[in-house]
Amino acid sequence: MKKAFKFRVGQGFFRSALIGVALLAAPALLAEEDNGVQQLRQMSLEELMNIEVTSVSKKEQRLNATSAAIAVLTSEDLRRSGVTHFEDALRLIPGLVVAQMGSQNWAISVRGFNDMFANKLLVMIDGRSIYTPLFSGVFWDMQNPVLEDIDRIEVIRGPGASVWGANAVNGVINIISKSAKDTQGGMVSVAGGNMDPFIGSFRYGMELSDSAWLRISAKYNLQNETTLTNGQGAGDDAQSGQVGFRTDWESSDTVDWTLQGDVFLGEFNQIQYSPTNQPPYVANVPNRTKPVGANILGRWTKQLDADSQVSFQSYFDYTRRSNYYFEENLYTWDADLNYRVIVADRHDISVGVDGRVSTDDITAAQQLLSFSKDSETHYLASVYAQDDWSILPDELILTFGSKLQYNNYTGFEPQPTIRLAWTPNEHHTLWGAVSRATRTPSRAERSARILDSVMPPGVVHPILPGYVTYLGNGDFGSEELTAYELGYRIQPNARLSFDLALFFQDYDNLRGFETGPPYPDPDPPGIVVPIYATNDAGGYTYGAELAARWQATDWWQWRLSYTFLEMELEGSSSADVSGKSPQNQFSVQSLVNLPFDVEFDSTVRYVGELPGINVPSYLTLDLRLGWRPVDNLEFSISGRNLIDSPHQEFAPSLLPFQAGLVQRSVVAGIRWDF
Amino acid sequence: MESVNSRIGRLTAACLKAAVACCLLVIATFAPLPMVADSPARAGAESVKAVMTSIILRSAQWPDNAFKDGSSAFHLGIIGRNPPVKEFNAAFKGITISGRTVTVVSLKNPADIVGFQAVYFSETSEDVIVQTLALLAGRPVLSFGEHDALYRLGGVVNYRKVDGKLRFEFNRKSMERSGVKVSAQVIRLALPTKQPQEEAAE
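Protein chains in written order, with our numbering: chain A, 5 to 678; chain B, 5 to 206.
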């Protein structure tokens with residue numbers, strides 16, 4: 005389902021939940037509106053003119069008691085983080101595990117199960133799913149939005165499946181861009197440094213009429229290769245570009261239209277460790293990935309009356325990814341209809357239907373990676389209903405609902421949730437939730453054949469090599485999760501807030517692997533050692549996620565996040581999976597507004613070891629110095645990984661490649677708005 | 005796979021840990037800190053605009069013909085989508101203007117503004133602003149909003165965000181035409197602007 009859309013119009017609970025946490029991020033706003041205004045009323049006009057204001061709509065502000073673990077990164081947070089890739093900014097959110105491999109590969113997940121092919125996280129850009137059914141995950145290297153166009157990144161930790169649907173198992177990331185109305189005029193941003201020699205962004209927004217606006221944006225990135233532990237280059241230099249547009253039209257006081265689209269091009273190099281049937285049975289092979297993407301999305305929203313709203317969204321998305329292993333063309337069509345109504349002032353009811361058709365066309369390098377069918381079409385259809393029931397208005401809210409989803413792999417999948425939030429006063433919210441979510445099988449798990457390694461003659465067979473091969477399993481079913489969550493938010497005063505989430509997540513039918521009896525294969529001659537994907541694994545995870553903000557003075561803010569994760573998994577893949585996510589992570593961020601419009605920001609971040617892939621713990625320091633001599637001009641210089649650099653953050657397992665270390669980097673930039 | 009009892013035991017343990025952690029957090033948080041509200045460093049734009057509007061209105065002097073009679077209330081109308089009625093009600097709660105209680109009303113039809121003493125434009129089109137201000141021409145009504153065209157079209161107070169903070173443009177000519185007198189101390193805080201007539205002359 006389309007997340008941004010639903011945040012805005014369809015899903016009362018999740019939209020209000022996200023905005024609620026946005027308010028938490030702005031401590032003064034967490035208080036009930038009356039209370040917040042009462043504080044403002046004590047101030048003079050001059051004092052009011054010194055308050056930093058946030059633009060959150062009235063309807064959203066009204067709902068501040070949220071029953072989910074949610075975090076919001078605003079555009080200001082992104083700017084102050086000094087990141088050049090939005091993935092880096094996700095590191096600041098508790099519960100998220102973000103690891104970089106080389107210049108453009110990422111492993112990102114929520115609440116464990118991290119991998120380059122992580123499959124329990126749903127990611128959306130403006131309501132468009134960027135999930136690929138190929139492996140039920142995200143090709144992060146194909147996402148390159150103009151950072152200055154991003155309005156906010158909303159992250160739900162824990163299941164969001166009752167609303168969002170398949171693969172919103174451990175979390176949802178929703179990247180929401182600014183409206184064309186809010187990006188009028190021009191913007192040029194140029195930055196460069198030792199790892200990113202050039203990052204250029206351009207945007208121009210214009211008024212088409214007094215109720216319609218257009219924005220055109222473009223971005224180009226050049227990335228240098230990283231280095232290996234022996235100091236040699238990893239051969240993973242990269243470049244990518246993106247051009248996009250967005251049009252917003254308020255055709256009347258009750259009707260909004262949005263039309264937007266992007267075209268993406270990239271070229272990424274890396275050295276692949278490719279199995280061969282000649283000694284030493286593995287070869288370093290240059291692998292140049294050339295992704296191409298294009299998408300277009302339309303959205304219509306109509307406010308029927310003060311208490312009801314209907315919206316429709318549809319998009320088409322095309323991606324092509326060609327590299328050493330295969331070329332995949334993927335065509336996705338999606339349509340989504342939502343209706344929201346408030347009944348008797350107590351029930352905020354959302355209902356909707358969604359349909360998605362994905363057709364792929366894969367040409368594979370036969371020995372290394374192939375599929376049982378060159379082309380396959382996936383169908384997803386779902387209906388959902390959810391009620392936010394204000395049992396005691398503004399104090400006790402019960403949320404219950406379910407999505408019933410159909411997919412052509414596993415049929416119907418009910419995914420219910422029940423949540424309760426108690427807000428006895430404006431300083432406290434206690435919430436709990438029980439949810440069920442499923443992760444549908446990927447194309448690879450059902451029908452892929454992946455050559456993992458070649459064993460020399462004499463190991464499996466006296467004279468023939470052994471081909472250790474992952475084989476898809478046509479009976480592979482959905483992974484299932486039942487999650488129990490408990491959260492507590494507290495705002496002792498206007499300058500201090502805490503957000504704690506505890507979770508216990510019980511998994512069944514997790515993916516495992518089973519080795520079958522070897523069998524001879526004539527082409528090429530050898531013995532295949534088959535490894536089948538199974539649903540034989542399971543277990544549970546539990547942990548805690550803490551976020552805190554302290555506005556120490558009007559010019560100095562502190563932020564803290566801490567994540568504890570314990571994974572207790574059983575089954576054939578448990579050791580491999582559980583050792584890839586850190587048990588402890590924390591970050592401390594200081595944001596200082598100095599005189600003369602100078603900003604000095606620093607972040608210290610610790611990530612625990614990954615015993616499953618022999619990655620040691622590391623501590624990083626990022627610094628940023630910014631200066632805005634005039635309103636429309638900004639200079640900045642940022643240093644990342646200033647201690648403990650270079651360091652390893654992750655290691656690829658399936659389809660391994662030469663992953664460079666994360667380097668110490670410095671980037672200087674200038675932004676001009678005109 | 006693990007037995008059900010074992011899982012329940014783990015779940016119980018996790019819940020206990022959760023409860024302990026919550027208690028510790030509450031104790032740690034409340035012990036050193038008084039439960040008082042500081043002056044906020046950040047706030048919702050509509051709330052700030054509502055309070056600023058109340059301050060500006062309270063500073064103003066209204067001609068006698070602005071009100072129907074001596075006991076009638078002060079009426080503020082909000083026109084446009086997403087009207088911030090709750091914020092304005094909170095800002096004006098218990099406040100009097102020229103000794104009159106204040107009512108805040110969201111208006112669907114701009115024509116309904118006649119008889120009001122102040123209008124606030126929330127998100128709306130230039131056409132609606134033009135139509136409304138035409139209805140109010142020469143009447144003792146102050147107009148507020150945040151719109152690119154409001155100042156140019158003759159609105160009195162136009163809020164603008166500058167560096168993430170709220171400022172306002174003040175159209176002195178429009179105020180004079182309305183017959184309402186806003187305190188000079190308030191006008192002095194306005195952003196420096198040229199009057200639309202001056203711009204036209206140039």
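The C-beta atom is built at its ideal place from N, Cα and C for all residues, glycine as well.
Straight-line measurement puts the Cα of Trp144/A at about 20 angstroms from the Cα of Ser79/A. Under the Cβ distance rule, Ala138/B does not count among the residues neighbouring chain A, no pair being separated by less than 7 angstroms.
A buried status is given to Ala93/A, since no fewer than 16 other beta-carbon atoms sit within 10 Å of its beta-carbon. Non-local beta-carbon contacts of Val592/A in its own chain, meaning distances under 6 angstroms to residues more than five positions away in sequence, involve Leu564, Val608 in chain order. With its beta carbon less than 7 angstroms from one in chain B, Leu52/A belongs to the interface. Residue pairing for Asp540/A: DSSP places it in no beta bridge. In the three-state scheme derived from DSSP, where H, G and I count as helix and E and B as strand, Glu150/B is classed as coil. Interface annotation, Leu598/A: not in contact with chain B, CB-CB separation never under 7 angstroms.
A straight line joining the alpha-carbon of Ile674/A with that of Gly190/A spans about 14 angstroms. Annotation for Ser58/B: the continuous alpha helix (DSSP H) segment containing it runs 49-62. Residues of chain A whose Cβ lies closer than 9 angstroms to the Cβ of Asp131/B are, in chain order, Asp214, Ser215. Phe96/B carries a helical assignment under DSSP once its states are collapsed to helix, strand and coil.
Nearest in C-alpha terms to Ala441/A, of all of Phe480/A, Gly405/A, Leu96/A, is Gly405/A. Leu665/A carries a coil assignment under DSSP once its states are collapsed to helix, strand and coil. In summary, Pro295/A is buried, with 16 or more beta-carbon neighbours lying within 10 Å of its beta-carbon over all protein chains present.
Arg443/A is outside the set of residues whose beta carbon lies under 7 angstroms from a beta carbon in chain B. Contact of Val190/B with chain A by beta-carbon distance below 8 angstroms involves Leu49. Looking at Val134/B, Ser126/B, Ala122/B, His151/B, the one whose alpha-carbon comes closest to that of Pro144/B is Ala122/B. Cβ contact annotation for Gly436/A (same chain, cutoff 6 angstroms, sequence separation greater than five): Leu424, Leu490, in chain order. Collapsing the DSSP output to three states places Tyr322/A in a strand. With respect to Arg161/A, Ala103/A sits apart: the two C-beta atoms are not nearer than 7 angstroms.
Ranked by Cα distance from Thr414/A, the options Asn513/A, Ser318/A, Ile617/A are led by Asn513/A.
Taking 7 angstroms as the threshold, the shortest C-beta distance from Arg85/B to chain A falls below it. Chain A has a Cβ within less than 7 angstroms of the Cβ of Leu193/B.
Nearest C-alpha to Ala77/B among Phe96/B, Tyr124/B, Arg104/B, Val55/B: Arg104/B.
For Ile617/A, the closest alpha carbon among the candidates Phe604/A, Ala663/A, Phe590/A is that of Ala663/A. Any Cβ of chain A closer than 7 angstroms to the Cβ of Ile59/B would place that residue at the interface, and such an atom is present. For Arg115/A against Asn174/A, the beta-carbon gap comes to about 5 angstroms, under 8 angstroms, which counts as contact. Sorting Arg628/A, Val361/A, Leu400/A by C-alpha distance to the C-alpha of Val596/A places Arg628/A at the top. Taking 9 angstroms as the cut-off between beta carbons, the residues of the region 620-648 of chain A near chain B are Arg632, Asp635, in sequence order. Against Asp257/A, the close residues of chain B are Gly84, Arg85, Lys112, Glu127, Thr128, Ser129, Val132, in the order they occur along the chain (beta-carbon pairs closer than 9 angstroms).
No Cβ of chain A is located within less than 7 angstroms of the beta carbon of Met179/B.
Straight-line measurement puts the Cα of Leu658/A at about 11 angstroms from the Cα of Gln276/A.
For Lys177/B, the enclosing alpha helix (DSSP H) stretches over residues 176-182.
Measuring C-alpha to C-alpha distances from Asp266/A to each of Thr233/A, Tyr322/A, Thr545/A, Ala389/A identifies Tyr322/A as the nearest. Bounds of the beta strand (DSSP E) holding Phe590/A are 588-598.
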